[in-house]
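Residue numbering for the sequence shown follows the UniProt record's numbering, beginning at 1 and increasing consecutively. Note sheet for the following structure.
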Amino acid sequence: MQEIKFIGTMPPDFESRIQQYRVQIAEMDKKLKRVSLLRLAVFTGFMVIILMLANAGFTVLVSILLPVGILAFALVIRQYNRLVRTRGNLSDLKKINEQEIRIGQRNLKDMETGAEFLNPDHAYAPDLDIFGPYSLFQLLNRTTTEAGKIRLAEWLMQPAERGMVLERQKAVAELAPEIDWRQQFQAAGMPFANPKSSYVQLVKWIETPAKLLPQRTRYLTAALALGLTATLAIPAGIRHLLLFLLDNRPFPVMYLLLMFVSLIINKQVIKKLRPVTECTLHDLQYNVDLLAASESLISRIEMAGFRSELLIEWQSVFRTNGYSAVKEIGRLRQTMEIFQQRGSRQMIGKNDFYGIFNAIWLLDIYLVLVTEQWKAANGTNLKEWSTAIGNFESISSLAAYACANPDFVFPEIRESGYQISFENSGHPLLKAQQRVCNDFELMQKGSVVIVTGSNMAGKSTFLRTVGCNLVLAMAGAPCCAGSARISPVALFTSMRTQDNLQEGISSFYAELKRVEHLLQLIAGGQPVFFLLDEMFKGTNSEDRYKGGVSLIRQLSMLNASGIISTHDLNLAKVASQRLSIRHYSFNSTLKDEKIIFNYKLTEGFCTDFNASALMKKSGIDILPDV
């Protein structure tokens, strides 16, 4: 049996790292101030010297010093920009460690919720808080790109097969101690986070057929011919017009006519190609930041020396046959940075310089052709690169979670037999000091556990504890437990069914739809582990009892295993008389009119219920003879 461990005894000292970055940022601010003063001194000094020399008539010396001054000023600007980028990186690293502290405290309110991935019909995501406020996604997510978020969401919603789970465990165990690499990798993508960027839009552009490339020669020939004509005609027209105005030469009808005809033809060509141009711009202009993020992230991946097979496999995507993904993405980014100057919904360009050059040389044709040629050569690769980046961001997220929770364990994934077993397991979203841990074991298919208990005693939280740890286990992450052994299963829950006024669905009917979904999943033939909280709570007690006993019997006969929680002690007792069912309970005690919960799972039926006491505390006068 495999045993994969992450060697860690305590979480990193994020506070010390924050202090370290504060010191480095303060030092960088001092350097920036000095370089800023140097920049001013270089500019002012050279301007004064050149003006003095020019005034004294030293023309040759001025012509020598002027380019020297421009070069010196450019070098200082370059150094300043480099320091600004370094300071930005340090600031992002500081933010990452501040975020880690908040996550460790389970203060998740400012984290991305992943709500866009929430599917109300998913087998378990809505019930287990996989997405949304205070969710597993918030606890795990350290991604910066859309591709990374999509991949992490997929891992949480689609349990992996045993072999992939083991590979991910190895990768997580390798990256968990590499806190510097992980945080530098995360910081590499942060400056380029742009809410208008869209990985989906980028994929859409890749899948859109090229418009100009199939007739590349025709368009290039036209662009060269028309551009050359305009290049010759415009200066000639302007020159002869000036000669007419200043030297009484004949009015240059032919030259001006040629100039204006050339510009009109070019304008018509630009107008005709405008839909193609704007379509390319629409799909790409907001993704320049996404391309820059990909470039930065890939460079970090390429330089790393990984050991686990999965990380090496993902890394190889960027190193095929000496092909440089960083260079190719950089080439597209640089083209789009130029193309951005055009702007959408503009005839020839929002930037005056672009507009002038476009009117003369038909820049739109060249830029569209360059992007389409890039797409033809790299379109398939870009999808693979984005997928690989998403994989690295997702595995790095799981590794950061493992590093911050060194007392959590990788589950053993059983190759044969059937076992769902947790020792000392707790809910990963609860703070350690609030977490009450329990043991749970289920050793054969068709086994059903019924949990009874009083209100607020911890039944639902226990079901979510088991469910969340199963989700983490099958994603390749550590579980919140002392030890765990898991057989690969299809997880299903029915816990939060409610009315849907828009679709005219009552809570009871919503429950029936979930049960129907469960039975369809079981019919698919894969092992199913279910978590059902308060079955048929939307109907009367007689129907609830009859339907509950019937469903429990049916699930057991279909070899489905799972946990059912209920307040209905009669339902639990009758079901156990007919079937081999194990019983657990959560109990509470009443002391000095205060209800005390210990949230510990105990064997057997619940021995006390507290609904009357809770209603009395809420101000309801409970009749003693009812």
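Beta carbons are placed, not taken as given, at the ideal position from N, Cα and C, and that holds for glycine.
{"Item": "8 Å Cβ shell around Arg333 - same chain, five flanking residues per side excluded", "Value": "Val288, Leu291, Ala292, Glu295"}
{"Item": "Minimum length 4: unbroken alpha helix (DSSP H) runs contained in the region 355-429", "Value": "363-404"}
{"Item": "Three-state secondary structure (DSSP) of Ala230", "Value": "helix"}
{"Item": "Gln138 and Met111 closer than 8 Å at C-beta", "Value": "yes"}
{"Item": "Cα-Cα separation between Met347 and Ala233, rounded to whole angstroms", "Value": "With a pLDDT of 49 at Met347, under the threshold of 50, the modelled position of that residue is not reliable, and the figure given next carries that caveat. Going from the Cα of Met347 to the Cα of Ala233 covers about 22 Å."}
{"Item": "Alpha carbon of Tyr323 to alpha carbon of Thr371, nearest angstrom", "Value": "18 Å"}
{"Item": "Contact between the region 261-272 and the region 299-309 (3+ Cβ pairs under 8 Å)", "Value": "no"}
{"Item": "Own chain residues within Cβ distance below 7 Å of Phe492, not counting five before or after", "Value": "Ala123, Tyr124, Leu518, Leu521, Val528, Phe530"}
{"Item": "Per DSSP, the bridge partner or partners of Arg485", "Value": "Glu412, Ser421"}
{"Item": "Leu140 vs Leu398 beta-carbon contact at 8 Å", "Value": "yes"}
{"Item": "Proximity of Leu429 and Asp129 at Cβ, strictly below 8 Å", "Value": "yes"}
{"Item": "Residue from Ala225, Val253, Asn358 whose Cα sits closest to the Cα of Arg274", "Value": "Asn358"}
{"Item": "Closer than 7 Å: Phe185 CB and nearest the ligand NAP heavy atom", "Value": "Judged by which ligands are present, the structure shown has none, so any question about the ligand NAP falls away."}
{"Item": "Limits of the unbroken beta strand (DSSP E) element including Ser585", "Value": "581-586"}
{"Item": "Closest by C-alpha distance to Val409, when choosing among Ile270, Val68, Lys170", "Value": "Lys170"}
{"Item": "Segment limits, alpha helix (DSSP H) that includes Glu98", "Value": "59-104"}
{"Item": "Residues near Pro12 by beta carbon distance below 6 Å, same chain, minus five either side", "Value": "Ile179"}
{"Item": "Bounding residues of the beta strand (DSSP E) (the contiguous stretch that carries Thr566)", "Value": "561-566"}
{"Item": "DSSP state of Cys468 mapped onto helix, strand, coil", "Value": "helix"}
{"Item": "N- and C-terminal bounds of the beta strand (DSSP E) containing Ser494", "Value": "490-494"}
{"Item": "Test item: CB-CB of Pro488 and Ala402 under 8 Å", "Value": "no"}
{"Item": "With 16 other Cβ atoms within 10 Å as the buried cut-off, status of Gly227", "Value": "buried"}
{"Item": "Lys431 in three-state terms, based on DSSP", "Value": "coil"}
{"Item": "Residue range of the unbroken alpha helix (DSSP H) whose run includes Gly132", "Value": "Here Gly132 belongs to no alpha helix (DSSP H), and DSSP marks it neither H nor E."}
{"Item": "Assumed close pair Arg142, Gln79 - CB separation to whole angstroms, cut-off 8 Å", "Value": "The Cβ separation is near 32 Å, so there is no contact."}
{"Item": "Contacts around Pro126, its chain only, beta-carbon distance under 7 Å, and the 5 residues preceding and following it disregarded", "Value": "Leu118, Pro120, Arg496"}
{"Item": "Reduced DSSP category for Leu281 - H, G, I as helix; E, B as strand; rest coil", "Value": "helix"}
{"Item": "Reference Gln340; option with closest CA among Tyr418, Thr277, Val84", "Value": "Thr277"}
{"Item": "Proximal residues to Ile450 (C-beta, below 6 Å), its chain only, five neighbours per side dropped", "Value": "Ile564, Ala572, Ile581, His583"}
{"Item": "Simplified DSSP state of Asn455, which is helix, strand or coil", "Value": "coil"}
{"Item": "For Ile101 and Phe46, believed in contact at Cβ under 8 Å, the rounded distance", "Value": "With 8 Å as the limit, Phe46 and Ile101 do not qualify as a contact, their Cβ atoms being about 48 Å apart."}
{"Item": "Cut-off 8 Å between Cβ atoms - residues of its own chain near Leu136, not counting five sequence neighbours on either side", "Value": "Leu128, Asp129, Ile130, Leu156, Pro428, Leu429, Cys468, Val471, Leu472"}
{"Item": "Environment of Ala523 [buried if 16+ CB atoms lie within 10 Å]", "Value": "exposed"}
{"Item": "Local Cβ density within 10 Å of Ile329, reported as buried at 16 or more and exposed below that", "Value": "buried"}
{"Item": "Nearest-angstrom Cβ-Cβ length linking Lys383 and Val203, presumed shorter than 8 Å", "Value": "7 Å"}
{"Item": "Sub-8 Å separation of Gln434 and Tyr418 beta-carbons", "Value": "no"}
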